[in-house]
Amino acid sequence: MEESYKDRTSLVKGAKDIAKEVKRQAVKKVNKAVDKAQDGYTQRSYNRFQDEEDDDDDYYVQGGNYGVEANDDEGSSEATEGHDEDDEIYEGEYQGIPNMGQGKDGMVAFGQPMHDEYKDRRELETERKADEEELAQQYELIIQECGHGRFQWALFFVLGMALMADGVEVFVVGFVLPSAETDMCIPNSGSGWLGDIVYLGMMVGAFFWGGLADKVGRRQSLLICMSVNGFFAFLSSFVQGYGFFLFCRLFSGFGIGGAVPTVFSYFSEVLAREKRGEHLSWLCMFWMIGGIYASAMAWAIIPHYGWSFSMGSAYQFHSWRVFVIVCALPCVSSVVALTFMPESPRFLLEVGKHDEAWMILKQIHDTNMRARGQPEKVFTVNRIKTPKQIDELIEIESDTGTWYRRCFVRIRTELYGIWLTFMRCFNYPVKDNTIKLTAVWFTLSFGYYGLSVWFPDVIKHLQSDEYASRVKHFMNEEVSHFVFNFTLENQIHTNGEFVNDRFIMMKFKSVTFEDSLFKNCLFEDITSMNTYFRNCTFLNTTFYNTDLEQYKFIDSDFINCTFFHVRTGCQISFDDDYSAYWIYFVNFLGTLAVLPGNIVSALLMDRIGRLTMLGGSMVLSGISCFFLWFGTSESMMIGMLCLYNGLTISAWNSLDVITVELYPTDRRATGFGFLNALCKAAAVLGNLIFGSLVGITKAIPILLASTVLVCGGLVGLRLPDTRTQVLM
Numbered sequence: 001m002e003e004s005y006k007d008r009t010s011l012v013k014g015a016k017d018i019a020k021e022v023k024r025q026a027v028k029k030v031n032k033a034v035d036k037a038q039d040g041y042t043q044r045s046y047n048r049f050q051d052e053e054d055d056d057d058d059y060y061v062q063g064g065n066y067g068v069e070a071n072d073d074e075g076s077s078e079a080t081e082g083h084d085e086d087d088e089i090y091e092g093e094y095q096g097i098p099n100m101g102q103g104k105d106g107m108v109a110f111g112q113p114m115h116d117e118y119k120d121r122r123e124l125e126t127e128r129k130a131d132e133e134e135l136a137q138q139y140e141l142i143i144q145e146c147g148h149g150r151f152q153w154a155l156f157f158v159l160g161m162a163l164m165a166d167g168v169e170v171f172v173v174g175f176v177l178p179s180a181e182t183d184m185c186i187p188n189s190g191s192g193w194l195g196d197i198v199y200l201g202m203m204v205g206a207f208f209w210g211g212l213a214d215k216v217g218r219r220q221s222l223l224i225c226m227s228v229n230g231f232f233a234f235l236s237s238f239v240q241g242y243g244f245f246l247f248c249r250l251f252s253g254f255g256i257g258g259a260v261p262t263v264f265s266y267f268s269e270v271l272a273r274e275k276r277g278e279h280l281s282w283l284c285m286f287w288m289i290g291g292i293y294a295s296a297m298a299w300a301i302i303p304h305y306g307w308s309f310s311m312g313s314a315y316q317f318h319s320w321r322v323f324v325i326v327c328a329l330p331c332v333s334s335v336v337a338l339t340f341m342p343e344s345p346r347f348l349l350e351v352g353k354h355d356e357a358w359m360i361l362k363q364i365h366d367t368n369m370r371a372r373g374q375p376e377k378v379f380t381v382n383r384i385k386t387p388k389q390i391d392e393l394i395e396i397e398s399d400t401g402t403w404y405r406r407c408f409v410r411i412r413t414e415l416y417g418i419w420l421t422f423m424r425c426f427n428y429p430v431k432d433n434t435i436k437l438t439a440v441w442f443t444l445s446f447g448y449y450g451l452s453v454w455f456p457d458v459i460k461h462l463q464s465d466e467y468a469s470r471v472k473h474f475m476n477e478e479v480s481h482f483v484f485n486f487t488l489e490n491q492i493h494t495n496g497e498f499v500n501d502r503f504i505m506m507k508f509k510s511v512t513f514e515d516s517l518f519k520n521c522l523f524e525d526i527t528s529m530n531t532y533f534r535n536c537t538f539l540n541t542t543f544y545n546t547d548l549e550q551y552k553f554i555d556s557d558f559i560n561c562t563f564f565h566v567r568t569g570c571q572i573s574f575d576d577d578y579s580a581y582w583i584y585f586v587n588f589l590g591t592l593a594v595l596p597g598n599i600v601s602a603l604l605m606d607r608i609g610r611l612t613m614l615g616g617s618m619v620l621s622g623i624s625c626f627f628l629w630f631g632t633s634e635s636m637m638i639g640m641l642c643l644y645n646g647l648t649i650s651a652w653n654s655l656d657v658i659t660v661e662l663y664p665t666d667r668r669a670t671g672f673g674f675l676n677a678l679c680k681a682a683a684v685l686g687n688l689i690f691g692s693l694v695g696i697t698k699a700i701p702i703l704l705a706s707t708v709l710v711c712g713g714l715v716g717l718r719l720p721d722t723r724t725q726v727l728m
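Structural data, given as structure tokens:
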């Protein structure tokens, strides 16, 4: 009896196993039929987009199911028939991706083969690559169905504000540097740190935030990095110490470093192929707008010394700090606007979040259709191919119970993941493209930023030479019982004697006293800039409410002298300071000269191709460097600066477009971030080399810049043409 019961149990179990196997095979056949219908639909949809004269009815299928033929008689699609009561599916209902638990009942997730645990990693990566290629073609068709309209333009302006903040950050350093150095009494030996520290932060930030954008998403990464930039930029306007100011600008640069790689990756993933080159080029204009904004604000705010206030001698808030706050506004605006924008649907599909991506794509479609006055159009996409997700094995230590240990492990894991993604940029088939892009990015950055620093320095050098040529010399003068109540500027007094003289409510600008005697004199309410007393003797002299600190008296002797209310700190004054306005005006013109190049590149990017524009622009920029031989005056140098900036901007725009199109989605932001970090490193190197040659020779900067630009342009012509490719 017991043996018959066991036999019956085994028979029932065997029958159940056979039934499950039959059901599994049936489901596999259904999935194969669906795949075949999907391929047929993709081909029909592609033909429709190639021939716009076809009727729309051939594309929009009935019942709202993507890739499944509708049954007009029954009113339901074939994909919803044949299900039992437990798996009932209603007509037109969005199903999303079946969860993995359904596989236990014989249901296989669409595009997800069974028994992945028995496959090695190489086989899984091969399947994922095939899925990504299929997704690239399908995603292009979906974006074309969604259309280009209100959603893309809204995202265009939001991301443009972030790119504008990056342009502002680059210009803020140059505009703030002279005033900050004077305000904080920074010696010449430490003045170069401010410019270098910002570029160092941007270099590290570009690599980190770009890699993070491929891990957590474009929107999330951009929100965090822009918040970091805005916070530390705002904080830097209030700090008083130079060390703390450097610290704030370092982290401000670290935050803004992620703007460029994340913005271009984000925007490119919501653009159709025929719109991508043009609209990415229009997006580049916001960097120019950021430069114009910074120049205009510096011109309007910094020279107004009267806008400042102080709290004793310990806290000074000058106009350049107001300028820093105003320059943080584009960053704050972008952070607020980004909170209303969705994540990139392409990124969500790449990480397997099908349902979230579908909802965002539907939002894009519905937003654009409502703006066109066609709200009745239905988003027909039902299923989207998602690449196979390969789980990464992460070793977690046993003592991760405390919060700081968990944070440490999480940070270490994320950094390791970013590094692995970066190393994949040097794997086949993108290895050759990465090497070529590295050469192009480095040469263009080295030549552009090197000459961009060299131009203003040469102009300032010409100005200082002209100023020095107008200096007035006074020797062996004797002045007694005289009241000085006017400004002394650009003078050198040697072997003079000043007896019973009064210096009251006056300014010293670039005045030097050498080997002079001051006897029974009074200095009251004195403001000085670039003024020094060398080897002078002061006898029975009183100093009241002056800024003449000890470092301005070099090898000088004081006999029975008194100091009252000495103003500490460096004094900033732009009254009648023509050079300050001139510097801002020159940068304003140089940035404005980029506008024609931006317009030309946007209109011709998809017509003549990215490579032609990249190589041609770099070669022409290299040739234009030779016109610098004729730059013997300020006006001629400004003209050369405008010509150079106008030619190089086309190369920058085309290089940005090529970079986002050559990298696949899972490495796009990481690769762009690495190249942008390399760009900042080349900028620092160019600043050091070209800056050291100011006033020495013109030959080396001209030949060096011309050579690297022409060589980089020739390498750029060897890159693959991406004009007709879908976004891989």
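For the sequence shown, UniProt numbering begins at 1 and goes up steadily by one.
Here a beta-carbon is modelled for each residue, glycine too, at the ideal position from N, C-alpha and C.
Just so it is clear, the structure is predicted and the values come from calculations on it, not from any experiment.
If distances are taken between C-alpha atoms only, which option among the options comes closest to residue i?
{"i": "Gly-205", "options": "Pro-720, Ile-696, Phe-474 and Leu-675", "result": "Leu-675"}
{"i": "Val-471", "options": "His-493, Phe-484 and His-461", "result": "His-493"}
{"i": "Ser-281", "options": "Asn-598, Leu-685 and Leu-628", "result": "Asn-598"}
{"i": "Lys-460", "options": "Ile-623, Ile-702, Asn-433 and Asn-587", "result": "Asn-587"}
{"i": "Phe-379", "options": "Gly-646, Arg-370, Pro-387 and Leu-611", "result": "Arg-370"}
{"i": "Asn-540", "options": "Gln-550, Val-566, Ile-554 and Val-499", "result": "Val-499"}
{"i": "Glu-497", "options": "Leu-603, Lys-519, Phe-585 and Glu-134", "result": "Lys-519"}
{"i": "Asn-495", "options": "Phe-482, Arg-502 and His-473", "result": "His-473"}
For residue i, write down the residues that DSSP places opposite it in a beta bridge.
{"i": "Ile-504", "result": "Glu-524"}
{"i": "His-473", "result": "Ile-492"}
{"i": "Lys-436", "result": "BP columns for Lys-436 are empty, so no partner."}
{"i": "Ile-700", "result": "DSSP lists no partner for Ile-700."}
{"i": "residue 742", "result": "Residue 742 lies beyond the residue range present for the chain, which begins at 1 and ends at 728; the question has no answer from this structure."}
{"i": "Leu-517", "result": "Glu-497 and Thr-537"}
{"i": "Val-483", "result": "Arg-502"}
{"i": "Phe-553", "result": "Phe-533"}
For the beta strand (DSSP E) containing residue i, name the first residue and the last one.
{"i": "Asn-490", "result": "488-494"}
{"i": "Ala-546", "result": "Position check: residue 546 holds Thr in this sequence, whereas Ala was assumed. Run containing Thr-546: 542-546, per the beta strand (DSSP E) assignment."}
{"i": "Ile-559", "result": "557-559"}
{"i": "Val-479", "result": "478-480"}
{"i": "Arg-534", "result": "532-534"}
{"i": "Thr-724", "result": "Here Thr-724 belongs to no beta strand (DSSP E), and DSSP marks it neither H nor E."}
{"i": "Val-499", "result": "497-499"}
{"i": "Thr-562", "result": "562-564"}
Note the first and the last residue of the continuous alpha helix (DSSP H) segment covering residue i.
{"i": "Tyr-644", "result": "634-662"}
{"i": "Phe-286", "result": "273-301"}
{"i": "Arg-346", "result": "345-350"}
{"i": "Val-378", "result": "Where Val-378 is concerned, there is no enclosing alpha helix (DSSP H), given that its DSSP letter is neither H nor E."}
{"i": "Asn-229", "result": "218-236"}
{"i": "Ile-599", "result": "594-608"}
Given residue i, which residues of its chain have a CB within under 6 Å of its CB, disregarding the five upstream and five downstream residues?
{"i": "Ala-233", "result": "Ser-252 and Ala-328"}
{"i": "Phe-286", "result": "Gly-160, Leu-163 and Met-164"}
{"i": "Tyr-46", "result": "Because Tyr-46 carries a pLDDT of 43, less than 50, the predicted location of this residue cannot be relied on, and no value is offered for it."}
{"i": "Thr-648", "result": "Tyr-448 and Ser-621"}
{"i": "Asp-575", "result": "Low local confidence applies: a pLDDT of 45 at Asp-575 is under 50, so the model's placement there is unreliable, with the coordinate-based value given in what follows. Closer than 6 Å at Cβ, skipping near neighbours: no residue."}
{"i": "Gly-103", "result": "Because the pLDDT of Gly-103 is 39, which lies under 50, any placement of that residue in the model is unreliable, and the question is left without a value."}
{"i": "Ile-559", "result": "Leu-539"}
Within the same chain, show all residues whose beta-carbon is closer than 7 Å to that of residue i, passing over the 5 residues directly before and after it, in chain order.
{"i": "Glu-93", "result": "Low local confidence applies: a pLDDT of 41 at Glu-93 is under 50, so the model's placement there is unreliable, and no value is given."}
{"i": "Ser-265", "result": "Ala-213, Arg-218, Val-660, Arg-668, Ala-669 and Phe-672"}
{"i": "Gly-101", "result": "In this prediction, Gly-101 scores a pLDDT of 38, lower than 50, which makes its location untrustworthy; the coordinate-derived value is nonetheless stated afterwards. Result list for Gly-101: empty, nothing under 7 Å."}
For residue i, which residues in the same chain have their Cβ closer than 8 Å to its Cβ, ignoring the five residues on either side in sequence?
{"i": "Cys-248", "result": "Phe-232, Ala-233, Leu-235, Ser-236 and Val-239"}
{"i": "Val-726", "result": "Ala-136, Gln-137, Tyr-139, Glu-140 and Arg-273"}
{"i": "Phe-627", "result": "Met-640 and Leu-643"}
{"i": "Gly-372", "result": "Correcting the residue identity first, residue 372 is Arg in this sequence and not Gly. Same-chain partners within the cutoff: Gly-147 and Gly-149."}
{"i": "Leu-714", "result": "Gly-615 and Val-619"}
Inset, instruction - Check whether the segment 455-469 touches the segment 480-489, counting contact only when three or more Cβ pairs, one atom from each stretch, lie closer than 8 Å. - result: no
Inset, instruction - Spell out a yes or no on whether the segment 665-685 and the segment 206-213 are touching, meaning 3 or more CB-CB pairs, one atom from each, closer than 8 Å. - result: yes
Inset, instruction - Could you tell me whether the segment 342-352 touches the segment 265-273, where touching means 3 or more Cβ pairs closer than 8 Å? - result: yes
Inset, instruction - Would you be able to state if there are at least three C-beta pairs under 8 Å between the segment 673-690 and the segment 437-448? - result: yes
Inset, instruction - Check whether the segment 493-512 touches the segment 523-541, taking contact to mean three or more Cβ pairs, one atom from each stretch, closer than 8 Å. - result: yes
Inset, instruction - Assess, as a yes-or-no matter, whether the segment 330-337 is touched by the segment 364-372 under the definition of 3 or more beta carbon pairs within less than 8 Å. - result: no
Legend entry - At least three beta-carbon pairs within less than 8 Å, the segment 689-707 to the segment 292-304: no
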